[in-house]
Amino acid sequence: MDLGASSKVLGFSDPAHISNTALFSYHPTVYFYFMLAFLFLPYPLYRHVAHRNGWELATKSWARHWTDGMLACSYGLIVFVFGNYAHCFNWITVTSFYPALFGYGLIAELPFTKTSLPRIQSWPFGMWVFFLIALIVILGFAGIHIYLASTLTRPFVIYYVGGLLIPFGILMTAQILIKYVNNRNPLSQQDQSTKDQSGASHASRDVESNLSQMASTTPRLSLHIHHWQIFYVLAFFTRFDQPISQVAAGIALACYMEGICAYGYDHLVNDE
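When you line the sequence shown up against UniProt numbering, it's residues 1 to 272, in that order.
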């Protein structure tokens, strides 16, 4: 199929002429191959392999599978467009994806990795070793990608590094919401009614009883950063057509999809 010809007619990005500095790009055919390689094939394949080998899997109903599939299509479209995958997606990315997907699944089955980020204070020594190695690898890839960005047109590297403000902004917004909800005084919602009924002792006692019950039933919020969220963010920055970047893209997408295949789209902000 002549992707260039269809792009000119329909206004899609032409994969052969997209630059590394493009902030967004889209072509439906490339997007289909992208989703086929990174969702439609690996999702059932990983679930089958994990179930057969006794790996940890969240129990999902058919409705949950459908919901996760729809969310994956939406998340996939966003990262495809703004991660410039119409330009950088190729066989190298796919080749690095599948070993990383099942490799991460194997690592997640090690006894010392069966924990989560909110439990960081009780991590075993082995988890700390794994975390530090992973952090060094991520920082190494980050340095390489910032260097690649710096070799392109000067304004691009500003947009590239500045893009990190988006996930940090989301985290800050989540923290503000959690702090507001958890520190909110339920009495403030009934201040006026309490004042109006201050002359009636039995009414005051009723209000206090209702407020006490309300305070006990108001859910608190907590922040839980999942590994799929971390690697989904990283997949936006592995956007170059150099082989090292395409390998990094495959690894980032694999670690993201492992979380989706095994557990689904767990929330960043949760009710306690």
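Each residue gets a CB set at the ideal place from its N, CA and C atoms; glycine is no exception.
Residues Phe97, Ala100, Leu101 and Tyr104 of the same chain have their beta carbon placed closer than 7 Å to that of Ala254, with the five preceding and five following residues left out of the count. For Leu71, the uninterrupted alpha helix (DSSP H) segment begins and ends at Trp62 to Phe82. In the structure shown, Ser245 falls within a helical segment according to DSSP collapsed to helix, strand and coil. DSSP, read as helix, strand or coil, puts Asn183 in helix.
Taking each of Tyr85, Leu57, Phe168 and Ala50 in turn and checking the Cα distance to Ile18, the smallest one comes out for Tyr85. Judged by beta-carbon spacing, Glu258 lies beyond the 9 Å limit of His224, meaning their Cβ atoms are not closer than that value. Between Tyr75 and Tyr232, the CB-CB gap stays under 9 Å. Taking a C-beta distance under 9 Å as the contact criterion, Tyr265 and Thr67 qualify as a contact pair. Assigned with DSSP and collapsed to three states, Ser96 falls in helix. With fewer than 16 neighbouring CB atoms inside 10 Å of its own CB, Pro155 falls in the exposed class.
Bounds of the beta strand (DSSP E) holding Ser222 are Leu221 to Leu223. Beyond the five residues adjoining it in sequence on each side, Pro118 comes within less than 6 Å, by CB distance, of His224 in the same chain, given in chain order.
Take Ala58, set aside five residues on each side of it, and the residues of its chain with a beta-carbon closer than 8 Å to its own are Ala262, Tyr263 and Gly264, in chain order.
Between Phe80 and Phe125, the CB-CB gap reaches or exceeds 9 Å. Leu234 places its beta carbon 9 Å or farther from that of Ile92. Between Leu148 and Gln242, the C-beta gap is smaller than 9 Å, which places the two residues in contact.
Partner residues in the beta bridge of Asn270, as assigned by DSSP, are Ser222. Taking a C-beta distance under 9 Å as the contact criterion, Arg220 and Val181 qualify as a contact pair. When rounded, the separation of the alpha-carbon atoms in Tyr43 and Phe32 is 15 Å. Judged by beta-carbon spacing, Ala249 lies within the 9 Å limit of Cys88, meaning their Cβ atoms are closer than that value. Around the CB of Ala16, fewer than 16 other CB atoms lie within 10 Å, so the residue is classed as exposed. Between the alpha carbons of Leu36 and Val94 lies a gap of roughly 10 Å. Membership of Ser25 in any alpha helix (DSSP H) is not indicated, and neither H nor E is assigned to it by DSSP. Here Val157 has Ala149 and Ser150 as same chain residues with Cβ atoms under 6 Å from its own Cβ, once five neighbours each way along the sequence are excluded.
Nearest C-alpha to Glu272 among Val129, Ile133, Ile178 and Leu165: Ile178.
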